[in-house]
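In terms of my numbering, the sequence shown has 102 at position 102, counting the first letter as 1, and numbering is strictly consecutive.
Using N, Cα and C, we set each Cβ at its ideal position, and we do this for glycine too.
The structure presented is a predicted model; accordingly, all values stated were derived computationally and were not measured.
The structure under discussion appears below in the form of structure tokens.
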Amino acid sequence: MNRTPSLTTLRLFMAVARTRSFSEAARSANLSQPALSRTIRLMEEDLGVRLFDRSSRRVELTSAGTILVPTVERLIADFDHAFATLSKDLTGMRGRIVIGALPSFAAASLPRAIRDYIARSPSVDIVIRDDIAGKLYRQLRDGQIDLAFVTETDEPDYRFEPLLSDRCVLAFQSGSRFDVPGEAPWSTLADAPFLAMATSSSVRVMSDAALLRAGISVRPLYEVSQLVTMGGLLAAGLGVTVLPHSTITMLANPAVVWRPLEGPIVERKIGIAYLRHRSLSPAAAAFLSHCRSLHRDGQLVPRER
């Protein structure tokens, strides 16, 4: 019964074809010459043709062997290319990652993580979806994103690795009556025109919880959905607001400044979340490992200024 030659056998055939020497081919393959000769002989028997003419002085390809060489070369090259491609996929050097992130994190911290990762794995495609935490967790659950940089959740289906504690601060127009040194007492908000984010925003959830904890009751003068809009209202002096510190850069307005708030200190935890019982793709797992390394070295989250 004819057998299909193995890849090892084909490589040995090519070694003999290139060197025209069984002894030299055996040395290059780290194999004994009798073992190599037996492998070639079995290949010839399986194919039913002689591949090499042998004499005491030289080894030459037969016409059948000459015809076989380009086919074997192509088979070996195709296999090596496919294996190299698969190896890159399995080690995270190729592939596609869909990353979810809170807008504040996507703007301030995510770019540096992606920049350093792509420098090492340029064949990985990355898609970023910036959204509020609730939507990102749903996208994780539905398999639409691989991992997300979000606020902490207590739902057991998700694994959460904290990266930073994001403290609430008071934001206002530069040069206004609120622009004085030191921490701001929560009582400042009692008689101040208050601006609020939309109720669906995790920023609003945090600010409402902070006000409740501080015992302050406010009625928002204006409510907005986008942080850049909030920045415009603050810069125009239309009011003040309570925001997590990480969102300040998202206001995108140099006329807006901030002060830390006195106790009670209210903060949220931001970290990396992914499904506990779903394996990450090699590329996503490699990116997660990269972010962990950056975090350990203090390079992922910018320092407060």
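> Whose C-alpha, out of 10, 216, 15 and 271, is nearest the C-alpha of residue 154?
Replying inline: For this step, residue 154 is matched to residue 154 along the sequence shown. Distances from the alpha-carbon of residue 154 to those of 10, 216, 15 and 271 put 271 closest.
> According to the neighbour-count rule (16 or more other Cβ atoms, all chains shown, within 10 Å of its Cβ), is residue 35 buried or exposed?
Replying inline: The residue given as residue 35 occupies position 35 in the sequence shown. A residue is called buried once 16 or more other Cβ atoms fall within 10 Å of its Cβ, and residue 35, having fewer, is exposed.
> residue 138: which of 279, 282, 296 and 274 sits nearest, CA to CA?
Replying inline: Within the sequence shown, the letter at position 138 stands for residue 138. Checked all of 279, 282, 296 and 274; the closest Cα to residue 138 is 274.
> Once you ignore the five residues that flank residue 248 on each side, which residues in its own chain have a CB closer than 8 Å to its CB?
Replying inline: Taking the first residue of the sequence shown as 1, we reach residue 248 at position 248. 169, 171, 256 and 258, listed in sequence order.
>> Nearest by alpha-carbon distance to residue 60: which of 21, 28, 27 and 80 is it?
In response: If you number the sequence shown from 1, residue 60 lands on position 60. Looking at the Cα atoms, 21 is the closest of the given residues.
> According to DSSP, which residues form a beta bridge with residue 140?
Replying inline: Position 140 of the sequence shown holds residue 140. Its beta-bridge partners do not exist; DSSP assigns none.
> From residue 184 to residue 286, what does the alpha carbon distance come to, in whole angstroms?
Replying inline: Translated into the one-based positions of the sequence shown, residue 184 becomes position 184. Translated into the one-based positions of the sequence shown, residue 286 becomes position 286. Distance between the alpha carbons of residue 184 and residue 286: 43 Å.
> Using CA coordinates, which residue listed in 180, 165, 211 and 181 is at the minimum distance from residue 190?
Replying inline: Within the sequence shown, numbered from 1, the residue matching residue 190 stands at position 190. Per the Cα distances, 211.
> Taking the Cβ atom as the reference point for each residue, do residue 252 and residue 225 lie within a distance shorter than 8 Å?
Replying inline: On the sequence shown, position 252 is the one that residue 252 refers to. On the sequence shown, position 225 is the one that residue 225 refers to. No, the pair does not count as a contact, with Cβ atoms beyond the cut-off.
>> So, with DSSP's three-state summary, where would you put residue 273?
In response: For the purposes of this step, residue 273 is taken as residue 273 along the sequence shown, with counting starting at 1. The answer is strand: DSSP assigns residue 273 an E or B state.
>> Pairs of beta-carbons, one from the region 215-234 and one from the region 291-301, closer than 8 Å: are there three or more?
In response: They do not touch, by the three-pair rule.
>> With three or more C-beta pairs closer than 8 Å as the rule, is the region 64-71 touching the region 23-31?
In response: Verdict: no, contact absent.
> In the DSSP assignment, what residue or residues form a beta bridge with residue 223?
Replying inline: Here residue 223 refers to the residue found at position 223 when the sequence shown is read from its first residue. Residue 223 is bridged to 196.
>> Report the CB separation of residue 145 from residue 99 in whole angstroms; it is logged as a contact under 8 Å.
In response: Residue 145 sits at position 145 when you count from the first residue of the sequence shown. Residue 99 sits at position 99 when you count from the first residue of the sequence shown. About 7 Å separates the Cβ atoms of residue 145 and residue 99, confirming a contact at the 8 Å cut-off.
> According to DSSP, is residue 133 helix, strand or coil?
Replying inline: Sequence index remark: in the sequence shown, residue 133 carries index 133 (1-based). Residue 133: helix per DSSP, three-state reduction.
> Where do the ends of the alpha helix (DSSP H) carrying residue 38 lie?
Replying inline: If you number the sequence shown from 1, residue 38 lands on position 38. That run of the alpha helix (DSSP H) goes 33-47.
> Could you give the residue range of the alpha helix (DSSP H) that holds residue 24?
Replying inline: By one-based count along the sequence shown, residue 24 stands at place 24. It spans 22-28 - the alpha helix (DSSP H) in which residue 24 sits, taken as one unbroken run.
> If you draw a straight line from the alpha carbon of residue 266 to that of residue 216, how long is it in whole angstroms?
Replying inline: Within the sequence shown, numbered from 1, the residue matching residue 266 stands at position 266. Within the sequence shown, numbered from 1, the residue matching residue 216 stands at position 216. Cα to Cα, the separation comes out at about 13 Å.
> In terms of alpha-carbon separation, which member of 200, 143, 29 and 233 lies closest to residue 134?
Replying inline: Looking up residue 134 in the sequence shown gives position 134. The candidate whose alpha carbon is nearest that of residue 134 is 200.
> So the alpha helix (DSSP H) residue 8 belongs to, where does it begin and stop?
Replying inline: Here the question's residue 8 lines up with position 8 in the sequence shown. From DSSP, the alpha helix (DSSP H) with residue 8 extends over 7-19.
>> Using a 10 Å radius around the Cβ and a threshold of 16 neighbouring Cβ atoms, would you call residue 120 buried or exposed?
In response: Working through the sequence shown from its first residue, we reach residue 120 at position 120. Residue environment for residue 120: exposed (fewer than 16 other C-beta atoms within 10 angstroms of its C-beta).
>> For a test of the three-state rule: what should DSSP assign to residue 177, helix, strand or coil?
In response: Against the sequence shown, residue 177 aligns to sequence position 177. Secondary structure of residue 177 (DSSP, three-state): coil.
>> Looking at the secondary structure, which residues open and close the alpha helix (DSSP H) in which residue 296 lies?
In response: Taking the first residue of the sequence shown as 1, we reach residue 296 at position 296. 282-296 is the span of the alpha helix (DSSP H), which, as asked, contains residue 296.
>> Report the CB separation of residue 229 from residue 196 in whole angstroms; it is logged as a contact under 8 Å.
In response: Start at 1 with the first residue of the sequence shown, and residue 229 comes out as number 229. Start at 1 with the first residue of the sequence shown, and residue 196 comes out as number 196. Not confirmed; about 12 Å, so no contact.
> Based on the DSSP output, what are the partners of residue 117 in its beta bridges?
Replying inline: The residue labelled residue 117 in the question sits at position 117 within the sequence shown. For residue 117, which the question treats as bridged, DSSP gives no partner whatsoever.
>> Less than 8 Å between the beta carbons of residue 127 and residue 136, yes or no?
In response: Locating residue 127 in the sequence shown gives position 127, counting from the first residue. Locating residue 136 in the sequence shown gives position 136, counting from the first residue. It is not a contact, given that the beta carbons lie outside the stated cut-off.
>> Buried or exposed for residue 39, going by 16 or more other Cβ atoms inside 10 Å?
In response: What you label residue 39 is simply residue 39 of the sequence shown in a count that begins at 1. With 16 or more other Cβ atoms inside 10 Å of its own Cβ, residue 39 counts as buried.
> Could you give the C-beta distance for residue 173 and residue 243, rounded to a whole number, given that I count them as a contact under 8 Å?
Replying inline: Here residue 173 corresponds to residue number 173 of the sequence shown, with the count starting at 1. Here residue 243 corresponds to residue number 243 of the sequence shown, with the count starting at 1. Your pair residue 173 and residue 243 does not check out as a contact, with CB atoms roughly 14 Å apart and the cut at 8 Å.
>> In this structure, how does DSSP classify residue 317 when only helix, strand and coil are distinguished?
In response: Any property of residue 317 remains undetermined from this structure, which presents the chain solely from 1 to 305.
>> To the nearest angstrom, how far is the alpha carbon of residue 1 from that of residue 46?
In response: Position 1 of the sequence shown, counted from the first residue, corresponds to residue 1. Position 46 of the sequence shown, counted from the first residue, corresponds to residue 46. The predicted position of residue 1 is uncertain, since its pLDDT is 47 and thus under 50; a value taken from the coordinates is nonetheless stated next. For residue 1 and residue 46, the distance between alpha carbons rounds to 8 Å.
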